[in-house]
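Contents: one structure, followed by commentary.
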Amino acid sequence: MTPAPLPTASDPLDTVRMARLLLIEDDPSVREGVELGLRHRGHEVRTAATGEAGLAALREFRPDLLLLDLMLPGMNGVQVCRTVREESQLPIIMLTARGDDFDVVVGLEAGADDYIVKPARTEVIEARIRAVLRRFEEPGGGRPAVEFHGELAIDRSGLSAAKNGERLTLAPSEMRLLLHLSASPEQVFSRQQLLEHVWEYSHHGDARLVDACVRRLRNKIEDVPGSPRYIQTLRGFGYRFGPL
Amino acid sequence: MRLRVPRPRGPSRRGPSRRGPSRRGPSRREATGGDRRRPFGLRARLVLAFLLVAAVSAGTTAALTFREVRNAVLGTAQDTAVSAFRDQVREVYFNLPLNTTDLVGTLRTIARNGRPHPWYVYAEYGSIRASSGTSPTSTVITPELRREAHSEPSGSFQRVVKDGVPYLTIGMPVVFEVGENTVMPTGIVLYAVMPMPEEQANVEALGVAARNGALPGLAVALVPALIAARSVLRPVRELRQATRSMGGGRLDTRIEVRGNDELADLARTFNESAAGLEHSVNELRQAEERARRFASDVSHELRTPLAGMLAVTEVLDEGAEGLDSDTARAVRLISAETGKLAVLVEDLMEISRFDARAAELNTDEVDAAETIRRTLEHRRWTDLVRAELPDGIRTRLDPRRFDVVVANLVGNALRHGGPPVTVRLGTAAGADGSAWLVTEVADRGPGIGPDVLPHIFDRFYKADAARTRSVGSGLGLAITLENVRLHGGTVRAANGPGGTGAVFTVEMPLRTGEAPA
Chain A
-12 MTPAPLPTAS DPLDTVRMAR LLLIEDDPSV REGVELGLRH RGHEVRTAAT GEAGLAALRE
48 FRPDLLLLDL MLPGMNGVQV CRTVREESQL PIIMLTARGD DFDVVVGLEA GADDYIVKPA
108 RTEVIEARIR AVLRRFEEPG GGRPAVEFHG ELAIDRSGLS AAKNGERLTL APSEMRLLLH
168 LSASPEQVFS RQQLLEHVWE YSHHGDARLV DACVRRLRNK IEDVPGSPRY IQTLRGFGYR
228 FGPL
Chain B
75 MRLRVPRPRG PSRRGPSRRG PSRRGPSRRE ATGGDRRRPF GLRARLVLAF LLVAAVSAGT
135 TAALTFREVR NAVLGTAQDT AVSAFRDQVR EVYFNLPLNT TDLVGTLRTI ARNGRPHPWY
195 VYAEYGSIRA SSGTSPTSTV ITPELRREAH SEPSGSFQRV VKDGVPYLTI GMPVVFEVGE
255 NTVMPTGIVL YAVMPMPEEQ ANVEALGVAA RNGALPGLAV ALVPALIAAR SVLRPVRELR
315 QATRSMGGGR LDTRIEVRGN DELADLARTF NESAAGLEHS VNELRQAEER ARRFASDVSH
375 ELRTPLAGML AVTEVLDEGA EGLDSDTARA VRLISAETGK LAVLVEDLME ISRFDARAAE
435 LNTDEVDAAE TIRRTLEHRR WTDLVRAELP DGIRTRLDPR RFDVVVANLV GNALRHGGPP
495 VTVRLGTAAG ADGSAWLVTE VADRGPGIGP DVLPHIFDRF YKADAARTRS VGSGLGLAIT
555 LENVRLHGGT VRAANGPGGT GAVFTVEMPL RTGEAPA
């Protein structure tokens, strides 16, 4: 009912980039349609009809990003998502049907970075893909290579984080959120602001994306996720980094 | 009797946030008065009727008994007195001419022999008056008795009450026996006056006894009256509770049927009607549920092929350039219609989620003006729409749903109204002190026809019959209405003053989903 957001194709980095995409989708027409549309836009697309086949293709194809349908026969999308997240920081975008709200929440908890509601135009799908992939391309901007916040060490140029010297495996959205919040410690960001800057929603995004990502991030960086030190909630306003 | 009070059976899939604090249902007055006493209720009337019957029967019985016994008591006394007096009179002899002194002596003799009580005896002969007492004449003897005493040889009597004391007065003429069965009056008439205090006391005691017997009877009649009232009132009360329970939507309410009287029949009839009603309502609900599921399933099923089709519209559009003109037009048509179909199916899905009460509110704290500005910017409407959006209104709402509301109203105004379209934002205080967010979308078009206005939020309602299909799905305003309702708010359509276009006003709680402070 709402007109689709148009891709912001002004970034020169986007126009040249061609991504390797793996699509796991059980419905043949959706699989073929999305594959056709994305290939038409210049991406290299590999498809799989089941979660098992998708995981197998993952190792061999080494995609830049995974497009994952949540409703799969056999091993479902959430299980696939968890399996991937156990060992990889591969960006994951879920394909879902709006109204399957429970699936969205479960999928985000499982570690997906973003989601797309079906049916969607190819330009919408591509815009999401670009937004997720761009998260790794933020330049350091003259900051020191590694910042220390408490027991956290954040490497802005290396795009990695460690706690007590131990490297953390963060999903792209988690890494990007941590970078964004820690860049301005003690500044409060509303969910909509975070959706705009971290997820690149020029439009009203789903605030549950932020909440789920914060929960996942807290589980990885906080000593006690129930009473967070690094990512703090300001009820009614949003989130902030610190004060420690 | 126990009322089976079932669990309320609302739709099970109801989002917790669906019921906002401002969702005020009609305040149903829950009268707890199962035992409310009414001044002239059934109970009072039953008791009155019982008391009336008891009073009439007890009173009649007592009155009849009293009369009979009284007559019997007085009759015995007066019979004794009359016959004794007659015997006395027959025994006396008078020497003529009458000597008053002798006469008084004779009268005193008769008075001494009075039975059953002593009496006063008076004699009258011509102008001579004499008595056994101190006064020669009596005040108790009536002229009536005098007349009868003169004409009736065997004597006559009369009961007279004077100063509260009953007297028996007997008049007896003194006669000669002329022959067999023939008598001649001598002109002397003797009167006996006998007070009857004992009989009076007996009769009074009798009256008191009759009254004392009737009063406990009345009191005793209260007991069956109350029992009868209870036996009627309890089923009636239970019936009332059950009816109210039914009215409250608990259609499986039943009454326990006891006994075999008319009230049991009524209870049975109630149960049968309730069962019938429950059955019909269940069938209707199931039919409605089936229809809703069907709409939901259809849109679900349409969505999967659409997902494939929509993803390739771009390929079609670009590929059409290399095709011959007819094929290219056909391809572009399919591409364009696929897009519209996708919007329609999305809207149908959205509506069926509202119908199934599965729509959820995902509220967030936002700046109202910024939210609307984003909506306008995102759709490139900033140049077409005049925005009067004061900054600093913090509100809690579902941003996606609010975006849909504003976009549908502004889109509707741009399509059907005339420029300039204005979006105004403000706050208002409700009657109960709650704060409301007021969003107004006005245009300068022809306004909404009076026949259209009541249906403007109906699904697929076409204001213009000639236009077979609008740009939107036909569900936009219906979805707007549902989204506003989900926030616990209202949306209304009206025409501006003096035919200056249409005005849509959305009022939503400033803080949806929070308990009012």
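Protein chains in written order, with this note's numbering: chain A, -12 to 231; chain B, 75 to 591.
We put the beta carbon where it would ideally sit given N, CA and C, even for glycine.
Keep in mind that this is a model prediction, so the values were computed, not measured.
Strictly below 9 Å CB to CB, what residues from chain A border residue i?
{"i": "B/Thr378", "result": "Asp14, Ser16, Val17, Ala84, Lys105 and Pro106"}
Does the distance from the C-beta atom of residue i to that of residue j stay below 8 Å?
{"i": "A/Asp101", "j": "A/Leu196", "result": "yes"}
{"i": "B/Ser409", "j": "B/Asp421", "result": "no"}
{"i": "B/Ile425", "j": "B/Leu549", "result": "yes"}
{"i": "B/Val147", "j": "B/Glu251", "result": "no"}
{"i": "B/Val195", "j": "B/Ile184", "result": "yes"}
{"i": "A/His191", "j": "B/Arg454", "result": "no"}
{"i": "B/Met268", "j": "B/His191", "result": "yes"}
{"i": "B/Met582", "j": "B/Leu471", "result": "yes"}
{"i": "A/Leu53", "j": "A/Val71", "result": "yes"}
{"i": "B/Ala516", "j": "B/Ala509", "result": "no"}
{"i": "A/Phe228", "j": "A/Pro172", "result": "yes"}
{"i": "A/Val92", "j": "A/Ile11", "result": "no"}
{"i": "B/Ala394", "j": "B/Arg406", "result": "yes"}
{"i": "B/Leu450", "j": "B/Thr554", "result": "no"}
{"i": "B/Val248", "j": "B/Leu264", "result": "yes"}
Considering only C-alpha positions, which residue in the set the options is nearest to residue i?
{"i": "B/Glu312", "options": "B/Arg285, B/Ala299, B/Ile329 and B/Arg304", "result": "B/Ile329"}
{"i": "B/Gln162", "options": "B/Ala266, B/Ser225, B/Thr456 and B/Asp176", "result": "B/Ala266"}
{"i": "B/Val565", "options": "B/Ser547, B/Ile530 and B/Gly573", "result": "B/Ile530"}
{"i": "B/Val459", "options": "B/Gly492, B/Val558, B/Asp335 and B/Gly350", "result": "B/Gly492"}
{"i": "B/Val480", "options": "B/Val558, B/Glu439 and B/Asp457", "result": "B/Val558"}
{"i": "B/Leu380", "options": "A/Ser189, A/Pro106 and A/Arg163", "result": "A/Pro106"}
{"i": "B/Val156", "options": "B/Asp525, B/Gly382, B/Asn187 and B/Gly133", "result": "B/Asn187"}
{"i": "B/Val580", "options": "B/Leu450, B/Arg314 and B/Glu556", "result": "B/Glu556"}
{"i": "B/His374", "options": "A/Met81, A/Val104 and A/Met5", "result": "A/Val104"}
{"i": "B/Asp326", "options": "B/Ser209, B/Leu296 and B/Glu352", "result": "B/Glu352"}
{"i": "A/Lys150", "options": "A/Thr156, A/Glu138, A/Leu181 and A/Ser160", "result": "A/Glu138"}
{"i": "B/Thr174", "options": "B/Arg406, B/Thr154, B/Gly229 and B/Ala197", "result": "B/Ala197"}
{"i": "B/Pro259", "options": "B/Gly229, B/Leu177 and B/Phe344", "result": "B/Gly229"}
{"i": "A/Leu8", "options": "A/Ala84, A/Arg202, A/Arg115 and A/Glu96", "result": "A/Arg115"}
Quick check: the Cα distance between residue i and residue j, rounded to an integer number of angstroms?
{"i": "B/Gly261", "j": "B/Ala151", "result": "28 Å"}
{"i": "A/Tyr217", "j": "A/Gly223", "result": "18 Å"}
{"i": "B/Val577", "j": "B/His561", "result": "20 Å"}
{"i": "B/Arg59", "j": "A/Ala199", "result": "Only positions 75 to 591 of chain B appear in this structure, which leaves residue 59 of chain B out of reach."}
{"i": "B/Arg189", "j": "B/Ile244", "result": "12 Å"}
{"i": "B/Glu444", "j": "A/Ala43", "result": "46 Å"}
{"i": "B/Pro217", "j": "B/Thr139", "result": "33 Å"}
{"i": "B/Phe231", "j": "B/Leu219", "result": "7 Å"}
{"i": "B/Gly333", "j": "B/Phe114", "result": "27 Å"}
{"i": "B/Met320", "j": "A/His167", "result": "59 Å"}
{"i": "B/Ala105", "j": "B/Ser347", "result": "Note on B/Ala105: pLDDT 42, under 50, position unreliable in the model; the coordinate value appears next. The straight-line gap from Cα to Cα measures roughly 24 Å."}
{"i": "A/Ser177", "j": "B/Glu439", "result": "8 Å"}
{"i": "B/Leu337", "j": "B/Gly323", "result": "24 Å"}
{"i": "A/Gly152", "j": "A/Val211", "result": "18 Å"}
Within the present structure, is the beta-carbon of residue i separated from the nearest heavy atom of the ligand PLP by less than 7 Å?
{"i": "B/Val372", "result": "As presented, the structure is devoid of all ligands, the ligand PLP included, so that no description of it is given."}
Whose Cβ in chain B lies nearer than 9 Å to the Cβ of residue i?
{"i": "A/Asp101", "result": "Here the premise fails: no neighbours, minimum Cβ distance about 15 Å."}
{"i": "A/Arg178", "result": "Asp438, Glu439, Val440 and Pro473"}
{"i": "A/Gly24", "result": "Leu384, Ala385, Val386, Thr387, Glu388 and Val389"}
Could you name the residues of chain B that residue i contacts, counting a contact when the two beta carbons are closer than 8 Å?
{"i": "A/Ala194", "result": "Asn436, Asp438 and Pro473"}
{"i": "A/Phe224", "result": "Glu439"}
DSSP puts residue i in a beta bridge; with which residues?
{"i": "B/Ala509", "result": "B/Ala503"}
{"i": "B/Val497", "result": "B/Ala461 and B/Val515"}
{"i": "B/Gln232", "result": "B/Thr243"}
{"i": "B/Tyr194", "result": "B/Val267"}
{"i": "A/Gln180", "result": "In the DSSP output, where bridge partners are listed per residue, A/Gln180 has none listed."}
{"i": "A/Gln219", "result": "A/Arg227"}
{"i": "A/Ile103", "result": "A/Leu82"}
{"i": "A/Leu52", "result": "A/Leu8"}
At 7 Å on the CB atoms, spell out the chain A contacts of residue i, in chain order.
{"i": "B/Leu458", "result": "Near B/Leu458 there are no residues of chain A at all, since even the closest Cβ is about 14 Å away, more than 7 Å."}
{"i": "B/Trp416", "result": "Correcting the residue identity first, residue 416 of chain B is Ala in this sequence and not Trp. By Cβ distance, chain A contributes Pro106."}
Starting from the beta carbon of residue i, find every residue of chain B whose beta carbon is closer than 7 Å, and list them in chain order.
{"i": "A/His191", "result": "Arg448, Pro473, Arg474 and Asp477"}
{"i": "A/Thr109", "result": "Ala385 and Glu388"}
{"i": "A/His27", "result": "Glu388 and Val389"}
Mind listing the chain D neighbours of residue i? Cutoff is C-beta to C-beta under 8 Å, in chain order.
{"i": "A/Val21", "result": "No chain D is present in this structure, whose protein chains are A and B."}
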